[in-house]
Amino acid sequence: MDTSTGPSANDLSLDQLVELERRAAEDAGGNGPGDGSTSGGGERRGGEEPIVLPWWQHPLNIVTMLVTAALLAGMIGWMIGDSRSEPHNAVDTGFLQDMRVHHEQAVLMGFVYRTRDDIDPGMSTIARSIVRGQNIEIGRMIQLLRQLGETEANETGTSMTWMSMVAEDDQMPGMASEAELDLLASIDGRAADELFTELMIEHHEGGIEMAEFAMENAEHPEVIAFATSMASAQRSEIAEMLGVLDE
Numbered sequence: 001m002d003t004s005t006g007p008s009a010n011d012l013s014l015d016q017l018v019e020l021e022r023r024a025a026e027d028a029g030g031n032g033p034g035d036g037s038t039s040g041g042g043e044r045r046g047g048e049e050p051i052v053l054p055w056w057q058h059p060l061n062i063v064t065m066l067v068t069a070a071l072l073a074g075m076i077g078w079m080i081g082d083s084r085s086e087p088h089n090a091v092d093t094g095f096l097q098d099m100r101v102h103h104e105q106a107v108l109m110g111f112v113y114r115t116r117d118d119i120d121p122g123m124s125t126i127a128r129s130i131v132r133g134q135n136i137e138i139g140r141m142i143q144l145l146r147q148l149g150e151t152e153a154n155e156t157g158t159s160m161t162w163m164s165m166v167a168e169d170d171q172m173p174g175m176a177s178e179a180e181l182d183l184l185a186s187i188d189g190r191a192a193d194e195l196f197t198e199l200m201i202e203h204h205e206g207g208i209e210m211a212e213f214a215m216e217n218a219e220h221p222e223v224i225a226f227a228t229s230m231a232s233a234q235r236s237e238i239a240e241m242l243g244v245l246d247e
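Encoded structure:
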């Protein structure tokens, strides 16, 4: 003999749940539960057992959750779209992309110099600071490029067009040549100190030139602030290197 008492709450379809919600609304509108009164159609529904649904199966809660999810998705999409539509121009993009490459060479020079023997401890400390600081700034430049919806690297094959310059093979202002880097990797002691200082000061001066152009011609306020901070930091490092070298 079938001893079942009807479908459980977990077996109900969404249509059935909606029908139950409709019935509950009718009861709330004038027919108290269990009072034996008739529905609007005149049929008595006395004897029906009320079905208590888990909160997550209640039709009203389902609708509420769907609407909330849609609103949240729309808000997130708006926030992402808004960040990617922040006003910026070719200088913002070009500065961040090319300065990233410029910084990468400074980091390389710092690493190479610190592998040499008998170098000045003070200059080695400055080199370590440059490596750490410019690595952090590289990360910030990548973050800003993503925020602006731009590629993280200059994919045109030509650098410095944003400054109305054309730099082949990434020879941006102040960049050391391969021959100069090879020489730095082959000398030690005072000679390495002097060459590193010469190359890095020239490198910083080129970076300051790029940053100052961005300060005057970029559009995005965060890029302008970043370029301003970068130029100031590199001027200070030039002064530090000259002070150590003169000791």
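Using the numbering used here, you'd call the opening residue of the sequence shown number 1 and step up by one each time. Cβ atoms here follow ideal geometry from the backbone N, Cα and C, with glycine treated the same way.
Those residues which DSSP pairs with S129 across a bridge: None, per the DSSP bridge assignment.
Backbone secondary structure at S124 - three-state DSSP: helix
Burial state of P173, where buried means 16 or more other Cβ atoms lie within 10 Å: buried
Of the listed residues L96, H102, T93 and T115, nearest to A185 (C-alpha basis): T115
C-alpha gap between E247 and T158, whole angstroms: Those two C-alpha atoms are separated by around 41 Å.
Length-filtered (4 minimum) alpha helix (DSSP H) runs lying within the segment 161-225: 178-184 and 189-217
Residue from M210, D120, G110 and A153 whose Cα sits closest to the Cα of G133: Residue nearest to G133 within the set M210, D120, G110 and A153 is G110 (criterion: CA-CA distance).
Bounding residues of the alpha helix (DSSP H) (the contiguous stretch that carries T115): Note, T115: premise wrong, no alpha helix (DSSP H); not H, not E.
Cβ neighbour criterion (16 or more within 10 Å) applied to D118: D118 is exposed by the Cβ-count criterion.
Beta-carbon proximity list for A127, same chain, < 6 Å, skipping 5 on both sides: G110, Y113 and R114
Residue environment, L242, which counts as buried when at least 16 other CB atoms sit within 10 Å: exposed
Cβ pair V244, D92 closer than 8 Å: no
Reference M165; option with closest CA among R235, E240, F213 and A227: F213
For G189 and I138, the rounded distance between their alpha carbons: 30 Å
Inter-stretch contact at 8 Å, needing at least 3 Cβ pairs: the segment 202-219 / the segment 140-150: Result no; under three Cβ-Cβ pairs closer than 8 Å.
Exposure label - A251; buried when at least 16 CB within 10 Å: With the chain covering 1 to 247 only, the question about residue 251 has no answer from this structure.
Collapsed DSSP secondary structure at N89 in the structure displayed: Coil.
Spatial neighbours of L195 in its chain, beta-carbon cut-off 7 Å, leaving aside the 5 residues before and after: L183, L184 and I187
Inter-residue Cα distance where the pair is M163 and E219: Cα-Cα distance, rounded: 14 Å.
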